[in-house]
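Only one structure is covered here, and it is reproduced in the block below.
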Amino acid sequence: MVGTAGIETGNGLGAGRRTDLRTGLRARTGVRRTSGPHTLRRGPASGHRALAGRRHGLDSGIGIGANPDATSPAPLAAPRTGTKLGARLRRRLWRTVLGLGGNVTVVGELPPGGCVVVANHASHADTPALLATLDAAHAPRVAAAADYWFTKRLRRAVCLRLAAGFPVRRAGGGSADLAAMEPALRAGHAVVIYPEGTRGDGSEVADFRGGALRLAATAGVPVVPVGIAGTAQLMPKHGKPRPARVRVHIGAPLTAPTPDQARFAVAELAMDAYAARRAALGTSDTKSVTDADSTGTDSTGTDNAADAEKDSRLRIVIARIAASPRIWLLAAAWAFAEALSWPLMPELLLAMVCVAAPSRGIRLVPFVTAGTVAGGVLAMQLSLLGATPPAPWTTDRMRGAARTQLAQEGASAVAHQPWNGIPYKVYAAEAGRVGDASTESPGHAAIGPAEWAWETTKARAVRNWVVAGVFTAFGVLTLRLRRWYGVYLGGLAVCFATGLWLIVQGWQ
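Residue numbers (the UniProt record's numbering): 1 to 508.
Here it is as C-alpha cells:
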C-alpha cells in the first residue's frame with residue numbers, strides 16, 4: 001500500500017501495457033477495481049520488466065519524462081524559478097481562455113511546499129489546464145521538449161512566458177535538465193512533468209518513465225498525481241479545437257512511489273475525472289460525452305467543484321437554454337421582431353447569454369445580425385407599400401433625423417444608428433419612405449433592398465460583436481460571482497430602462 005493513495009502493487013507491468021480510462025482498467029493488464037472507490041488491485045501479468053527507460057519515442061508535447069543518462073552533461077541553462085506574480089497572471093489568462101472553450105473544474109489542491117506533479121498527457125491543452133488550476137503560490141514550472149519548444153524564437157517565447165516552461169533534452173542530457181530544477185523544488189515550487197513522455201488519445205495512461213520520480217527523490221519532495229479529463233476533446237491530437245469541459249483532479253501526495261504506483265494513482269484520478277464529466281454531461285459513454293461537449297449541455301461553468309453549490313439557478317437555466325439549438329432561432333426571431341416593432345433590442349439577449357454562458361453567447365452574433373437584416377428589409381418594403389408596424393418608444397424627431405440622414409447619405413446612413421440612440425426600426429421604416437432625388441417620386445425608394453441589407457450587415461455586425469465581446473469577457477472574469485447572476489440581471493434591467501427613458505426624453 002502507498003499511504004492514502006489506496007494503491008496495491010506488485011512487480012512492474014509488462015512492456016507497453018496501458019491503463020484504459022474509458023472502460024476501466026483493461027483486462028489484459030491484469031488490473032481491476034476493488035470495492036473501495038479509489039483502490040486498484042493488479043493480478044498476475046506476464047513479461048514483467050523494468051519501466052524506466054523503456055520507451056524512447058517522444059513527441060513535441062510540453063512536459064516529458066527523462067531517461068537516466070549514461071553521462072551527466074550540464075543542463076542547457078539554469079532555469080529561472082519563476083515568480084508568483086507571473087504564475088497568477090498565467091492562471092488568470094488560462095482560466096479566461098478555458099472559460100471561452102467550456103471552462104475548467106478543479107478538485108483537490110497541492111500540498112504545502114515543493115512537489116513534482118505527474119499527470120496524464122493527451123493534449124497540448126493539458127498544460128493550460130494545469131496552469132489554470134494549480135495554486136499560483138507554487139509558481140509551477142513545466143518540463144518542455146527542448147528540440148521543439150526552444151528551437152524557434154516564437155515557440156520559445158510562448159513556452160517561457162505563457163507556459164512557464166523549461167527545456168528538457170530528449171536525446172541525452174534530460175536528467176541533468178530536470179536536476180537543475182532541484183533548487184526550485186526545495187524553495188517550495190511545483191514542477192510539472194508528463195511521465196508518459198508523449199501525448200496519447202485520452203483513452204489510456206501509458207507506462208511512466210522514471211525521470212520525474214528520481215527528481216522528486218533527489219530533491220526530497222513528494223510526487224503529486226493529477227488526473228486530467230476533457231483536454232483530448234478540447235484540443236485533440238492532430239485535430240481541431242472544439243468546446244469541451246475540462247476537469248482536473250489533484251490526488252494525495254506520494255512519497256517515493258514506483259512508476260507503477262504513480263501511474264495507477266494518475267489513472268484512478270483520470271478515471272474519476274472522466275466519470276465526473278460523464279455525470280455532469282448526463283451521458284454514459286465516450287461518444288455521448290463528446291457530443292454533449294459540442295452542444296454544451298454541461299453549462300454550469302463552475303470555476304471550482306465547491307462553487308457549483310454557489311451558482312445561480314437562474315443562470316443555470318439560461319445557460320442550458322443557450323446550450324440548446326433553440327437559442328439560434330430565439331436570437332434570430334428576437335432581432336427580426338425588434339427590426340419591425342419589438343421595443344427590446346437584441347443586445348439585451350446578448351448581455352444575458354454571454355454572461356450566463358460565455359462560450360455560447362458570442363456565437364449568437366451571426367444569428368442576431370441575420371435576424372436584424374431580414375427584419376429591416378421587410379420593414380423597408382412594408383413602409384414603401386404604406387404599411388407601417390407600430391413603433392413604441394419612438395418620437396417624430398427620431399423619424400425626422402433618420403429621414404434627413406438617409407436622404408443625404410443613402411443606405412450608409414444606418415451606420416449612425418448604433419451610436420445616436422435612434423432605434424433601427426426607425427431607420428428601416430424611413431428607408432422605404434425616402435423618395436428618389438432625381439424623380440421626386442414619393443412612391444419610389446432611392447434605396448434598394450440589397451443595398452440596405454449590405455449596409456445594415458456592416459453596421460449591426462460591428463455593434464453586435466463589440467457588445468458580445470464585452471459581455472463575454474465580463475462573464476469569464478466574473479466566474480466566481482455567478483451566484484449573483486440574478487442581481488446582475490436586475491441591474492441590467494434597471495440600466496436598460498433608465499437608458500431608454502433618457503434616450504426617448506432626449507429625442508422628444
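The beta-carbon is built from N, C-alpha and C at its ideal position, and this holds for glycine as well.
**Residue environment, residue 513, which counts as buried when at least 16 other CB atoms sit within 10 Å** = A query on residue 513 cannot be resolved here, the shown segment of the chain reaching from 1 to 508 and no further.
**Prompt:** Below 8 Å between beta carbons: does that hold for residue 353 and residue 322?
**Reply:** Indexing the sequence shown from 1 puts residue 353 at position 353. Indexing the sequence shown from 1 puts residue 322 at position 322. Yes, the pair counts as a contact, with Cβ atoms nearer than the cut-off.
**Message:** Among 157, 146, 188, 189, whose alpha-carbon lies nearest the alpha-carbon of residue 171?
**Reply:** Within the sequence shown, the letter at position 171 stands for residue 171. Measuring from the Cα of residue 171, the nearest candidate turns out to be 146.
**Message:** Let's test the definition: count the other Cβ atoms within 10 Å of the Cβ of residue 425 and tell me whether it reaches 16, buried, or not, exposed.
**Reply:** Counting from 1 along the sequence shown, the entry for residue 425 is found at position 425. Residue 425 is buried by the Cβ-count criterion.
**Prompt:** Is it right to say residue 499 is buried, meaning 16 or more other beta carbons lie within 10 angstroms of its own, or is it exposed?
**Reply:** Within the sequence shown, numbered from 1, the residue matching residue 499 stands at position 499. By the neighbour-count rule (16 or more Cβ atoms within 10 Å), residue 499 is not buried but exposed.
**Message:** Just to confirm the assignment, what range does the beta strand (DSSP E) spanning residue 167 have?
**Reply:** The residue given as residue 167 occupies position 167 in the sequence shown. Here the beta strand (DSSP E) through residue 167 covers 165-168.
**Message:** As a quick exercise: from 114, 465, 230, 196, pick the residue whose alpha carbon is nearest that of residue 211.
**Reply:** Start at 1 with the first residue of the sequence shown, and residue 211 comes out as number 211. It is 196.
**Message:** Taking 8 Å as the threshold (C-beta atoms), are residue 406 and residue 431 in contact?
**Reply:** For this step, residue 431 is matched to residue 431 along the sequence shown. For this step, residue 406 is matched to residue 406 along the sequence shown. Against a cut-off of 8 Å, the Cβ pair of residue 406 and residue 431 comes out as a contact.
**Request:** Could you tell me how far apart the beta carbons of residue 239 and residue 270 are, in whole angstroms, since I believe they sit closer than 8 Å?
**Result:** Start at 1 with the first residue of the sequence shown, and residue 239 comes out as number 239. Start at 1 with the first residue of the sequence shown, and residue 270 comes out as number 270. With a Cβ gap of about 19 Å, residue 239 and residue 270 do not count as contacting.
**Item:** Distance between residue 234 and residue 242 (C-alpha atoms, nearest Å)
**Value:** Counting from one through the sequence shown, the residue named residue 242 turns up at place 242. Counting from one through the sequence shown, the residue named residue 234 turns up at place 234. Near 5 Å, if we compare the C-alpha coordinates of residue 234 and residue 242.
**Message:** Count Cβ pairs between the stretch 336-350 and the stretch 367-376 that sit closer than 8 Å; are there 3 or more?
**Reply:** yes
**Message:** Just to confirm my understanding: we take residue 510, look at its own chain, exclude 5 residues before and 5 after, and list those with CB closer than 8 Å. What are they?
**Reply:** Nothing can be reported for residue 510: it is not among the residues displayed for the chain, which extend from 1 to 508.
**Message:** Rounding to the nearest angstrom, what Cα-Cα distance links residue 189 and residue 213 in this structure?
**Reply:** Translated into positions along the sequence shown, residue 189 becomes position 189. Translated into positions along the sequence shown, residue 213 becomes position 213. Those two C-alpha atoms are separated by around 16 Å.
**Request:** Report the residue ranges of all alpha helix (DSSP H) runs contained in full by the stretch 377-444; include only those spanning at least 4 residues, in chain order.
**Result:** 396-409, 417-420, 424-431
**Request:** Could you tell me how far apart the beta carbons of residue 496 and residue 348 are, in whole angstroms, since I believe they sit closer than 8 Å?
**Result:** Position 496 of the sequence shown holds residue 496. Position 348 of the sequence shown holds residue 348. Correct: roughly 6 Å between the Cβ atoms.
**Item:** Residue burial classification, residue 455 (beta-carbon count within 10 angstroms, cutoff 16)
**Value:** Here the question's residue 455 lines up with position 455 in the sequence shown. Looking at its Cβ environment, which holds 16 or more other Cβ atoms inside 10 Å, residue 455 is buried.
**Prompt:** Using the C-alpha atoms, what's the distance from residue 220 back to residue 85?
**Reply:** Working through the sequence shown from its first residue, we reach residue 85 at position 85. Working through the sequence shown from its first residue, we reach residue 220 at position 220. The straight-line gap from Cα to Cα measures roughly 26 Å.
**Asked** Tell me, which residues are paired with residue 193 by DSSP?
**Response** Mapped onto the sequence shown, residue 193 falls at position 193. DSSP output for residue 193 lists 118 as bridge partner(s).
**Message:** By DSSP's criteria, residue 105 is part of a beta bridge. Which residues make up the other side?
**Reply:** Along the sequence shown, read from residue 1 onward, the residue named residue 105 stands at position 105. DSSP lists 247 as partners of residue 105.
**Request:** Indicate whether the contact test is met: 3 or more Cβ pairs, each with one atom in the stretch 94-105 and one in the stretch 462-480, closer than 8 Å.
**Result:** Contact between the stretch 94-105 and the stretch 462-480 is present, with at least three C-beta pairs closer than 8 Å.
**Prompt:** Considering only the beta carbon of each residue, do residue 166 and residue 137 sit closer than 8 Å?
**Reply:** Position 166 of the sequence shown, counted from the first residue, corresponds to residue 166. Position 137 of the sequence shown, counted from the first residue, corresponds to residue 137. It is not a contact, given that the beta carbons lie outside the stated cut-off.
**Test item: CB-CB of residue 163 and residue 131 under 8 Å** = For the purposes of this step, residue 163 is taken as the residue at position 163 of the sequence shown. For the purposes of this step, residue 131 is taken as the residue at position 131 of the sequence shown. In contact: residue 163 and residue 131 (Cβ atoms closer than 8 Å).
**Message:** My output table needs one value for residue 462: the three-state DSSP class, helix, strand or coil.
**Reply:** By one-based count along the sequence shown, residue 462 stands at place 462. Reduced to three states, the DSSP call for residue 462 is helix.
**Beta-carbon proximity of residue 313 to residue 276, cut-off 8 Å** = Mapped onto the sequence shown, residue 313 falls at position 313. Mapped onto the sequence shown, residue 276 falls at position 276. No; because the gap between Cβ atoms is not below 8 Å, this pair is not in contact.
**Message:** Going by the DSSP bridge assignment, what does residue 227 pair with across the sheet?
**Reply:** Numbered from 1 along the sequence shown, position 227 holds the residue referred to as residue 227. According to DSSP, which records beta bridges pairwise, residue 227 is partnered with 249.
**Message:** Tell me the DSSP secondary structure of residue 254 in three-state form.
**Reply:** Residue mapping note: residue 254 aligns to position 254 of the sequence shown, counting from 1. If DSSP states are grouped into helix, strand and coil, residue 254 belongs with the strands.
**Message:** Quick check on the DSSP output: the alpha helix (DSSP H) that includes residue 353 runs from which residue to which?
**Reply:** For the purposes of this step, residue 353 is taken as residue 353 along the sequence shown, with counting starting at 1. Element bounds for residue 353: 347-356.
**Asked** Beta-carbon separation of residue 179 and residue 218 under 8 Å?
**Response** As a first step, residue 179 is located in the sequence shown; it is residue number 179 there, counting from the start. As a first step, residue 218 is located in the sequence shown; it is residue number 218 there, counting from the start. Cβ distance < 8 Å, so residue 179 and residue 218 count as in contact.
**Reduced DSSP secondary structure (H/G/I, E/B, other) of residue 299** = Residue mapping note: residue 299 aligns to position 299 of the sequence shown, counting from 1. Caution is warranted here: a pLDDT of 39 is assigned to residue 299, below 50, making its placement in the model unreliable, and the coordinate value is therefore given only provisionally. DSSP places residue 299 in coil when its eight states are reduced to three.
**C-alpha gap between residue 237 and residue 169, whole angstroms** = As a first step, residue 237 must be located in the sequence shown, where it is residue number 237. As a first step, residue 169 must be located in the sequence shown, where it is residue number 169. About 22 Å.
**Prompt:** For residue 397 versus residue 507, is the C-beta spacing smaller than 8 Å?
**Reply:** The residue given as residue 397 occupies position 397 in the sequence shown. The residue given as residue 507 occupies position 507 in the sequence shown. For residue 397 and residue 507, yes; Cβs fall inside 8 Å.
**Asked** By DSSP, does residue 143 sit in helix, in strand, or in coil?
**Response** In the sequence shown, counting from the first residue as 1, residue 143 sits at position 143. In this structure, residue 143 counts as strand in the three-state DSSP scheme.
**Item:** Pick from 395, 258, 225, 93 that is closest to residue 513, judged by C-alpha positions
**Value:** Residue 513 lies beyond the range of the chain shown here (1 to 508); nothing can be said about it.
**Request:** Look at the alpha carbon of residue 87 and the alpha carbon of residue 192, and state the distance between them as a whole number of angstroms.
**Result:** On the sequence shown, position 87 is the one that residue 87 refers to. On the sequence shown, position 192 is the one that residue 192 refers to. Roughly 13 Å separates the two Cα atoms.
**Asked** With 16 as the cutoff for other CB atoms within 10 Å, does residue 287 come out buried or exposed?
**Response** The sequence position of residue 287 within the sequence shown is 287, counting from 1. Confidence at residue 287 is low in this model, with a pLDDT of 42, below 50, so the placement of that residue should be treated as unreliable; the coordinate-derived value is given next. By the 10 Å Cβ count, residue 287 comes out exposed.
**Item:** Nonlocal neighbours in the same chain, by C-beta distance under 7 Å from residue 129, ignoring five residues either side
**Value:** What you label residue 129 is simply residue 129 of the sequence shown in a count that begins at 1. Only 98, 104, 228, 231, 246, 248 meet the Cβ criterion.
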